[in-house]
Structures are given as structure tokens and as C-alpha cells.
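This report refers to the structure that appears directly beneath it.
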Amino acid sequence: MAEELIVNTSADKKEKYESLLPQIEGLISVESDLIANLSNIAAALKFGMDFFWVGFYIVKDDELVLGPFQGPIACTRIRKGKGVCGTSWEKAETVLVPNVDEFPGHIACSSDSKSEIVLPAIKDGEVALILDVDSDKLNDFDETDKVYLERLMKLIEAKL
Ligand code: SME
3 MAEELIVNTS ADKKEKYESL LPQIEGLISV ESDLIANLSN IAAALKFGMD FFWVGFYIVK
63 DDELVLGPFQ GPIACTRIRK GKGVCGTSWE KAETVLVPNV DEFPGHIACS SDSKSEIVLP
123 AIKDGEVALI LDVDSDKLND FDETDKVYLE RLMKLIEAKL
């Protein structure tokens with residue numbers, strides 16, 4: 003397949019996800035390397051959804067370690083239970099934060115980050131990695147993001 007992403011910039015958020023997810027599914031269906039796939043997913047989300055920061059943290063021993071991402075440079079290691087990412091890892095569930103200043107222990111990799119959603123991918127009953135998406139606007143994530151990004155995590159889990 004051609005490595006070209008089709009993005010309709012005038013579409014609403016739901017339409018963008020509807021268009022993007024099958025393209026991501028197609029992209030990762032022809033590749034088995036996890037880092038290659040996570041790299042393309044980060045790029046597809048950055049350019050397809052115009053996110054401020056999007057990337058993965060991978061569970062390595064007792065820490066989350068920065069993986070493929072798109073956006074400003076970020077913290078490289080996060081411990082379990084720390085920040086939004088470490089909380090999503092500990093609870094093994096999606097954490098949606100409308101205002102990062104109101105989340106106790108939020109880790110500010112960038113002072114421009116205002117809201118955030120973090121989702122885990124599970125392998126053999128354990129969190130294997132998390133997806134972190136940051137916005138430079140308050141209240142930028144909602145149930146639509148949760149629904150579609152959780153679908154994306156299922157696609158990733160199938161490749162773990
Ligand atoms: N804000 C995150 C840290 C990761 S960066 O936002 C990329 C947190 O509180 O876990």
C-alpha cells in the first residue's frame with residue numbers, strides 16, 4: 003500500500019477517527035515490528051488528528067520508558083502510579099484529564115500541555131504499553147476520543 007495518509011481537515015473529530023482507524027489498521031496489518039507500527043501510529047495520530055503531543059510509553063521492568071512519539075521532547079521514564087501515565091498503568095484503564103493542573107501528581111513534560119488522555123494496551127493480563135495524548139487546550143478530550151482510541155488500543159493489542 004502507498005504510505006500516504008488521507009486526512010480531511012474539515013471533518014469533525016468523529017469523522018476523522020472513522021477515516022483514520024481503518025488506515026492505521028491497514029498500515030499495521032502488513033508489518034509485525036512493534037516499534038515500526040507504534041511509530042506510524044504516532045505519526046498518523048499527530049497528522050490525522052492534529053494532536054499537540056502523541057506517543058507511547060512502554061513497560062520495561064518497573065518503569066514506563068518513552069517510545070515512539072510525535073511532538074516536543076518528553077520525559078523518558080515514569081514510575082508506576084506516578085502522573086497520568088503511571089496511573090493509567092497502575093489501574094489498567096483509560097484516564098481522561100480535562101485540566102492537568104487539577105490532576106494530583108501530573109508530570110508536566112511541557113508547560114503547554116493542558117489536557118490529556120492516557121490508554122493502556124494489555125498483553126497476557128498485564129499492561130504492556132500506554133498511549134498518551136496531550137493537548138494545549140483545556141477540556142480537549144471527551145467520550146468520542148475515549149471510544150475511538152480504545153478501539154485503536156484493541157488493534158495494538160492484537161499485534162502484541
Ligand atoms: N503528563 C504525563 C507525562 C507524559 S508527557 O505528558 C508526554 C503524565 O502526567 O503522566
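So for the sequence shown, our numbering puts the first residue at 3; every next one is plus one. Beta carbons are placed, not taken as given, at the ideal position from N, Cα and C, and that holds for glycine.
Item checked: Same chain only: Cβ atoms within 7 Å of A94, ignoring 5 sequence neighbours per side -> Locating residue 94 in the sequence shown gives position 92, counting from the first residue. So the list reads P122, I124, V129, once near-sequence residues are dropped.
Note to self: Taking contact to mean 3 or more Cβ pairs, one atom from each stretch, closer than 8 Å, check whether the segment 29-39 and the segment 72-90 are in contact.
What the structure shows: Cβ pair count under 8 Å is below three, so no.
Notebook entry, point to check: Opposite L133 in the DSSP bridges: which residues?
Noted result: Reading the sequence shown from its first residue, position 131 is the one you call residue 133. In the DSSP output, where bridge partners are listed per residue, L133 has F58, L121.
Notebook entry, point to check: What residue does the alpha helix (DSSP H) around P24 start on, and which one ends it?
Noted result: For the purposes of this step, residue 24 is identified with residue 22 of the sequence shown, where counting begins at 1. In the DSSP annotation of this structure, the continuous segment of the alpha helix (DSSP H) that includes P24 starts and ends at 15-31.
Item checked: Proximity test, K156 beta-carbon vs the ligand ADP heavy atom, cut-off 6 Å -> The ligand ADP is not part of the structure shown, which contains the ligand SME as its ligands.
Checklist line | Bridge partner(s) assigned by DSSP for R81 | finding: Here residue 81 corresponds to residue number 79 of the sequence shown, with the count starting at 1. Per DSSP, E65.
Notebook entry, point to check: Using 8 Å as the Cβ pair cut-off and three pairs as the minimum, do the segment 49-66 and the segment 82-102 touch?
Noted result: yes
Notebook entry, point to check: Exposed or buried, what is I88 when buried is set at 16 or more other beta-carbons lying within 10 Å of its beta-carbon?
Noted result: Residue mapping note: residue 88 aligns to position 86 of the sequence shown, counting from 1. Note on residue identity: the sequence assigns Gly, not Ile, to residue 88. G88 should be labelled buried.
Check: Any heavy atom of the ligand SME within a distance shorter than 6 Å of the CB on I109?
Finding: As a first step, residue 109 must be located in the sequence shown, where it is residue number 107. Under cutoff, so the answer is yes.
Notebook entry, point to check: How about G83: is its Cβ closer than 6 Å to a heavy atom in the ligand SME?
Noted result: Here residue 83 is taken as the residue at index 81 of the sequence shown, counted from 1. Result no, Cβ not under 6 Å from the ligand SME.
Next item on the list: Could you tell me if the beta carbon of A123 falls within a distance shorter than 6 Å of some heavy atom in the ligand SME?
Entry: As a first step, residue 123 is located in the sequence shown; it is residue number 121 there, counting from the start. A123 has its Cβ no nearer than 6 Å to any heavy atom of the ligand SME.
Note to self: Taking the straight line between their C-alpha atoms, what separation do you get for L91 and E6?
What the structure shows: Translated into the one-based positions of the sequence shown, residue 91 becomes position 89. Translated into the one-based positions of the sequence shown, residue 6 becomes position 4. Per the sequence shown, the amino acid found at residue 91 is Trp instead of Leu. Each residue's Cα considered, the two are about 32 Å apart.
Next item on the list: Helix, strand or coil for L98, going by three-state DSSP, please let me know.
Entry: Here residue 98 is taken as the residue at index 96 of the sequence shown, counted from 1. Here L98 sits in strand by DSSP.
Note to self: Restricting to Cα atoms, I'd like to know which of E27, L22, A13 is closest to A160.
What the structure shows: Walking along the sequence shown from the start, residue 160 turns up at place 158. Closest by alpha carbon: E27.
Item checked: Buried versus exposed call for L22 [16 or more other C-beta atoms within 10 Å across all chains shown] -> Within the sequence shown, numbered from 1, the residue matching residue 22 stands at position 20. L22 comes out buried.
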